[in-house]
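Q:
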Amino acid sequence: MIPPEWYLALSGFLFAGGLFGVLTQKNAMRILISVEIMLNSANLAFVAFNGMFGLTNFDGWIFSLMVIGVAAAEAAIGLAIFLSVYRNFGEITVSNIFGLREEKEANL
Amino acid sequence: MATEVLENADLIRMAWAVVIIPFITGVVLLFMRALEIKRSINKDEEFKFGENLTGAIGVAGLGGSLIASIIVAIRYFGLQDLSSHAIEHPTIKWVVGDYEFLPTADGPFKWGIALSPLSIIMMVLLAIIAFAIHVYATEYMHADSAYTRFFGTMNFFTGSMFGFVLASNLFMAFIFWELLGFSSYLLIGYYWPKPSASSAAKKAFLYNKVGDVSFMVGIALVWTQTLNLGTPTLDYHALYELAHAGTLTVHDMMIPGLLIFGGAIGKSAQFPLFGWLPEAMEGPTPVSSLLHSSTMVKAGLFLTARVFFMFYEVDDALEVISKPLFAANVIAWAGTLTALAGGLMALTATDIKKVLAFSTISQLGYIGLALGAGGLTASFFHLIAHATFKSLLFLGAGAVIHSVHSQEMSDMGGLKDKMKTTYRTMAIGLIGLSGFPLSSGFWSKDAVLLSMESSQIVGHVFLYWIGVITATITAFYSTKLLLLTFHGEPKYDKDHVHPAPTGKRMQFALWLLAGLVVLESLWWTWTIGGSFLAEAPGPFALSGKNFEFFLGSVLGQHGGEFEILGALISSLAVFLGIFLAWMLYAKHSFKFLQTNPVNKTMYQVSERRFFLDEFIYWFAENPIMMVGDAFQATDKQFIDGIVINGIVAGGSLKVASMSDDFDQGVIDGVVNGLGNFARNVARQFRRLQTGQTPNYALLMALGLGVVLTIFTVITFL
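Taken in order, these protein sequences are the chains called A and B.
Under numbering that gives the first Met the number 0, the residues of the first sequence are numbered 0 to 107, in order.
Under numbering that gives the first Met the number 0, the residues of the second sequence are numbered 0 to 716, in order.
(1) Using only the alpha-carbon positions, how far apart do B/A316 and B/I187 sit?
(2) With a threshold of 8 Å on Cβ separation, who are the neighbours of A/A105 within its own chain once the five nearest residues in sequence on each side are excluded?
(3) Give me the subset of the segment 657–689 of chain B whose CB atoms are less than 8 Å from a CB atom of chain A, sorted by chain position.
(4) Ends of the beta strand (DSSP E) at B/W93?
(5) Note down, in chain order, every chain A residue with its Cβ under 7 Å from the Cβ of B/L698.
(6) For B/I112, which beta-bridge partners are listed by DSSP?
(7) Cα-Cα, which of B/G162, B/G704, B/Y135 and B/I577 is closest to B/T471?
(8) Less than 7 Å between C-beta atoms, sequence neighbours within five positions excluded: which residues of the same chain meet that for B/V18?
(9) Given that B/T692 touches chain A, what residues does it touch there, using C-beta distances under 7 Å?
(10) In angstroms, rounded to a whole number, what distance separates the CA positions of B/S402 and B/L462?
(11) If you check the beta carbons only, do A/V34 and A/V21 fall under 9 Å apart?
(12) Indicate whether the contact test is met: 3 or more Cβ pairs, each with one atom in the segment 103–110 of chain B and one in the segment 471–488 of chain B, closer than 8 Å.
(13) Starting from the beta carbon of A/F110, find every residue of chain B whose beta carbon is closer than 8 Å, and list them in chain order.
(14) Do A/G77 and A/A27 have their CB atoms nearer than 9 Å?
(15) Please look up how many angstroms separate the CB atoms of B/H557 and B/G565, rounded, as I've assumed it's under 8 Å.
(16) Does at least one heavy atom of the ligand FAD sit under 8 Å from the Cβ of B/E488?
(17) Whole angstroms are fine: how far does the CA of A/Y85 sit from the CA of B/N679?
(18) Under 8 Å Cβ-Cβ, which residues of chain B neighbour A/F97?
(19) Short check: CB of B/N168 to CB of B/D97, under 9 Å?
(20) May I ask you to list, following chain order, the residues of the segment 16–30 of chain A that have a beta carbon less than 9 Å from some beta carbon of chain B?
(21) Exposed or buried, B/T387, counting other C-beta atoms within 10 Å across all chains shown (16 or more means buried)?
(22) Are the segment 244–257 of chain B and the segment 172–192 of chain B in contact at 8 Å, needing three or more beta carbon pairs?
(23) Report buried or exposed for A/L54, applying the criterion of at least 16 other Cβ atoms within 10 angstroms of its Cβ.
(24) According to DSSP, simplified to helix, strand and coil, what is B/Y311?
(25) State yes or no: is the C-beta of B/I132 within less than 9 Å of the C-beta of B/L394?
(26) Counting beta carbon pairs with one atom in the segment 58–67 of chain B and one in the segment 85–102 of chain B, are three or more of them shorter than 8 Å?
(27) Assuming B/S450 and B/A326 make a contact with CB atoms under 8 Å, what is their CB distance in whole Å?
(28) If we count Cβ pairs, one from each stretch, closer than 8 Å, do we get three or more for the segment 514–524 of chain B versus the segment 137–152 of chain B?
(29) Could you have a look at B/T248 and say whether DSSP puts it in helix, strand or coil?
(30) By Cβ distance below 6 Å, which residues in the same chain neighbour B/P89 in space, the five residues on each side in sequence not counted?
(31) Going by alpha carbons, who is nearest to B/F156 out of B/F175, B/H141 and B/A196?
Here it is in structure tokens:
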């Protein structure tokens with residue numbers, strides 16, 4: 000049997016990879032996929048912990064189901080936002096969309 | 000002379016009315032004038048109240064005053080015991096009503112009225128003359144653009160003189176004295192758009208100011224002297240009593256007395272400050288008439304008479320004034336110089352009003368001369384006579400000027416038939432002025448000369464003869480004036496000037512005053528001459544005595560008895576003057592008098608007024624300017640240079656730069672430092688706000704990592 004630590008290590012690896020994707024990718028779609036990877040790494044961690052400690056209850060499983068639900072909702076909303084962004088800006092490259100920032104650095 | 004003080008509120012109230020009525024009408028008229036100006040500006044066209052209205056108000060003011068003053072005089076003399084027995088040594092009752100006006104630590108300054116024979120006689124004289132002049136002016140000033148202002152100022156002027164005459168103390172007298180100076184300034188500068196008029200007004204005001212300052216210092220010294228005695232007072236009566244009791248000696252009073260006489264020098268145009276009086280002819284003729292007869296120029300001499308006890312000690316037993324002092328000599332000599340210089344200047348004047356002005360100076364000198372010689376009664380006698388005929392002469396001259404439109408005597412002549420009333424009345428006045436035997440001027444001048452004979456001042460014989468010479472000169476220019484103006488060939492421009500008889504109201508005033516001169520002449524001839532001839536005065540005597548004796552009794556000083564020799568000398572002097580003038584100007588002979596070189600030089604000297612004005616101008620310009628320049632140099636170099644520029648300016652610049660440094664360095668430094676600090680911090684923080692979503696995510700992740708790390712470390716340690 001594969002020792003549970005390996006599952007956790009895989010989960011950590013996936014989380015790091017997803018985080019790396021979120022931080023580095025410029026395309027919103029890729030970021031969303033990276034986020035999904037991070038969520039799924041979390042699911043894996045839940046399931047692994049439940050297998051390690053939860054022999055009498057299934058909290059980990061239930062939590063992972065919840066996360067899957069959240070991820071689905073998130074994907075739906077995220078895609079809707081991307082559509083809207085695309086409609087407004089003509090692209091979904093996040094590095095080109097910085098309306099929250101001031102136009103130029105003022106000489107204060 | 001013994002005196003006592005009565006209180007009589009009714010009489011005092013009536014006397015106040017004399018002062019206040021002209022003031023009220025004067026102020027009302029001046030306000031009406033202000034209204035006229037305002038309306039003229041608003042409506043952009045000339046607006047005037049009717050001349051009948053304003054003239055009536057002006058005359059009514061003086062009329063009311065005249066009636067009140069006559070009532071006061073009658074009631075006042077009713078209080079006195081003037082029976083023929085008592086008149087020899089009368090106890091004169093003063094009526095005083097005053098109150099404390101300005102309390103000071105040492106004692107109060109008072110405000111009130113003192114009625115004494117001197118002030119009562121002066122008041123009545125002034126009221127009659129001023130009334131006549133106002134009536135005259137209603138017609139003379141016809142169609143003048145500032146008719147209302149004229150009457151307003153005239154009433155104000157006369158009211159000031161009433162206040163001065165009736166004042167109970169030197170303090171109040173000084174206030175009215177200044178009002179008199181101020182309103183005379185307004186009247187002399189009545190035609191102020193003319194440069195000569197405004198400069199004449201300025202000149203009069205400044206010359207008077209010199210006297211005013213002297214008067215003020217004199218009052219202050221009187222106050223100090225009485226303060227030293229423990230009874231600080233400025234009241235005439237109290238001062239009189241102090242002097243009478245010997246508490247206040249004439250030695251104490253010498254300097255204050257001289258200073259007060261300095262005031263009289265300015266106001267009464269005595270030597271050397273008479274330069275302003277001829278210039279004062281720039282005012283309208285009624286003003287000259289009022290100014291020269293009974294108001295302005297008489298104020299100074301009246302004041303000197305009022306404080307006569309400062310110059311002479313009164314010998315109680317004999318009731319004569321004796322023991323002249325140095326101050327009295329100064330007055331007598333100043334008066335003599337004035338009399339002679341005024342007469343000589345009158346000889347060469349060509350302007351009819353200026354002849355009369357110089358004649359006024361000369362006659363004022365006569366009055367001063369008598370005062371200095373100790374003849375209080377004689378001087379007041381001459382003051383009365385002079386006031387009457389001089390006002391008459393000015394009114395006559397005004398009528399002539401009105402008709403000929405020129406003041407130069409060379410533009411007149413032959414007016415005798417054209418202006419009969421003026422001719423007759425002026426002839427009466429000139430007879431009085433020249434001192435023709437048995438005229439009013441004769442009797443008063445005789446009294447003046449008599450007072451000099453019995454005087455004890457230095458060189459009184461010399462002064463007597465100068466007085467006689469002046470009488471000749473007076474007769475000479477009086478005759479010359481009459482001949483040049485009314486007799487001979489007409490010299491006016493016949494195409495443009497049509498001399499016409501004088502108007503009704505002007506005639507009324509002329510006859511009123513001429514009547515007074517005639518009345519005085521007859522009355523005095525009758526009583527003084529009568530008492531000389533028959534040892535008893537005629538039917539018009541006062542208290543069974545002649546006028547001069549009566550006046551002497553109530554004023555407390557008797558002059559010498561009438562002497563035939565003195566009268567003969569002065570009569571001869573007068574006849575000589577008249578004869579010379581007649582030969583020169585009627586017969587046109589005696590030309591050598593005009594052509595010889597000595598007289599030509601003298602003529603020029605006289606015409607240039609003995610260089611006295613020039614000296615005063617030089618004095619005002621050079622020594623005073625030199626002192627001024629010295630002060631200015633000190634000011635510039637020491638005060639401005641060292642004190643102001645060096646210490647004050649340099650010091651404050653240093654302090655200012657120090658406080659500037661502190662301000663910029665410390666205060667601004669702290670404020671700017673805080674601001675810069677906040678900005679620098681903000682600049683660092685702003686770099687976080689890139690707008691790049693991944694950056695935010697990175698920060699979130701890092702933050703989460705930090706939190707987790709801390710959490711982990713805390714949990715496991």
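In this text, a Cβ means the ideal position worked out from N, Cα and C, and glycines have one as well.
What you are looking at is a predicted structure, and each value in this text was computed from that prediction instead of being measured.
A: Well, looking at it:
(1) By one-based count along the second sequence, residue 316 of chain B stands at place 317. By one-based count along the second sequence, residue 187 of chain B stands at place 188. Low local confidence applies: a pLDDT of 48 at B/A316 is under 50, so the model's placement there is unreliable, with the coordinate-based value given in what follows. Going by the C-alpha atoms only, they are around 47 Å apart.
(2) Taking the first sequence and counting its residues from 1, the one referred to as residue 105 of chain A is at position 106. Its pLDDT being 47, under 50, A/A105 is placed unreliably in this model, and the coordinates cannot settle the point.
(3) Under the 8 Å Cβ criterion, the segment 657–689 of chain B contributes R678, A681, R682, R685, Q688 and T689.
(4) Translated into positions along the second sequence, residue 93 of chain B becomes position 94. That run of the beta strand (DSSP E) goes I91 to L101.
(5) The residue you call residue 698 of chain B lines up with position 699 of the second sequence. Residues of chain A whose Cβ lies closer than 7 Å to the Cβ of B/L698 do not exist, since the nearest Cβ in that chain is about 10 Å away.
(6) For the purposes of this step, residue 112 of chain B is taken as residue 113 along the second sequence, with counting starting at 1. Beta-bridge analysis with DSSP links B/I112 to B/G96 and B/A166.
(7) As a position in the second sequence, residue 471 of chain B is number 472, starting the count at 1. Nearest option by C-alpha distance: B/I577.
(8) Here residue 18 of chain B refers to the residue found at position 19 when the second sequence is read from its first residue. Around B/V18: G158, F161, G162 and L165.
(9) Position 693 of the second sequence, counted from the start, is the residue given in the question as residue 692 of chain B. By Cβ distance, chain A contributes V93.
(10) What you label residue 402 of chain B is simply residue 403 of the second sequence in a count that begins at 1. What you label residue 462 of chain B is simply residue 463 of the second sequence in a count that begins at 1. The straight-line gap from Cα to Cα measures roughly 41 Å.
(11) Here the question's residue 34 of chain A lines up with position 35 in the first sequence. Here the question's residue 21 of chain A lines up with position 22 in the first sequence. Yes.
(12) The segment 103–110 of chain B vs the segment 471–488 of chain B: no contact.
(13) Residue 110 of chain A is absent from the model: chain A starts at 0 and stops at 107.
(14) Stepping through the first sequence from its first residue, residue 77 of chain A is reached at position 78. Stepping through the first sequence from its first residue, residue 27 of chain A is reached at position 28. Cβ atoms of A/G77 and A/A27: closer than 9 Å.
(15) For the purposes of this step, residue 557 of chain B is identified with residue 558 of the second sequence, where counting begins at 1. For the purposes of this step, residue 565 of chain B is identified with residue 566 of the second sequence, where counting begins at 1. The beta-carbon separation of B/H557 and B/G565, rounded to 16 Å, does not stay under the 8 Å limit for a contact.
(16) Questions concerning the ligand FAD fall outside what the structure shown contains, since it holds no ligand whatsoever.
(17) Mapped onto the second sequence, residue 679 of chain B falls at position 680. Mapped onto the first sequence, residue 85 of chain A falls at position 86. The C-alpha of B/N679 lies about 37 Å from the C-alpha of A/Y85.
(18) Here the question's residue 97 of chain A lines up with position 98 in the first sequence. Within chain B, the C-beta atoms nearer than 8 Å to that of A/F97 come from T689, G690 and Q691, in chain order.
(19) By 1-based counting over the second sequence, the position of residue 168 of chain B is 169. By 1-based counting over the second sequence, the position of residue 97 of chain B is 98. B/D97 is positioned such that its CB atom lies closer than 9 Å to that of B/N168.
(20) Close to chain B, meaning a Cβ-Cβ distance shorter than 9 Å, are the following residues of the segment 16–30 of chain A: L18, V21, L22, T23, Q24, K25, A27 and I30.
(21) Within the second sequence, numbered from 1, the residue matching residue 387 of chain B stands at position 388. Its Cβ being crowded by 16 or more others within 10 Å, B/T387 is buried.
(22) The segment 244–257 of chain B and the segment 172–192 of chain B do not touch, with fewer than 3 CB-CB distances between them shorter than 8 Å.
(23) Locating residue 54 of chain A in the first sequence gives position 55, where the first residue counts as 1. Burial is judged here by how many other beta carbons sit within 10 angstroms of a residue's own beta carbon; A/L54 has fewer than 16 and is exposed.
(24) Along the second sequence, one-based indexing puts residue 311 of chain B at 312. Of the three classes helix, strand and coil, the one that applies to B/Y311 here is strand, per DSSP.
(25) Taking the second sequence and counting its residues from 1, one reaches residue 132 of chain B at position 133. Taking the second sequence and counting its residues from 1, one reaches residue 394 of chain B at position 395. With respect to B/L394, B/I132 sits close: the two C-beta atoms are nearer than 9 Å.
(26) Verdict: no, contact absent.
(27) What you label residue 450 of chain B is simply residue 451 of the second sequence in a count that begins at 1. What you label residue 326 of chain B is simply residue 327 of the second sequence in a count that begins at 1. Actually they are not in contact, since the Cβ atoms of B/S450 and B/A326 sit about 17 Å apart, beyond 8 Å.
(28) The segment 514–524 of chain B and the segment 137–152 of chain B do not touch, with fewer than 3 CB-CB distances between them shorter than 8 Å.
(29) Start at 1 with the first residue of the second sequence, and residue 248 of chain B comes out as number 249. DSSP places B/T248 in coil when its eight states are reduced to three.
(30) As a working note, residue 89 of chain B is residue 90 in the second sequence. Residues of the same chain with a CB within less than 6 Å of the CB of B/P89, apart from the 5 flanking positions on each side, are S552 in chain order.
(31) Against the second sequence, residue 156 of chain B aligns to sequence position 157. It is B/F175.
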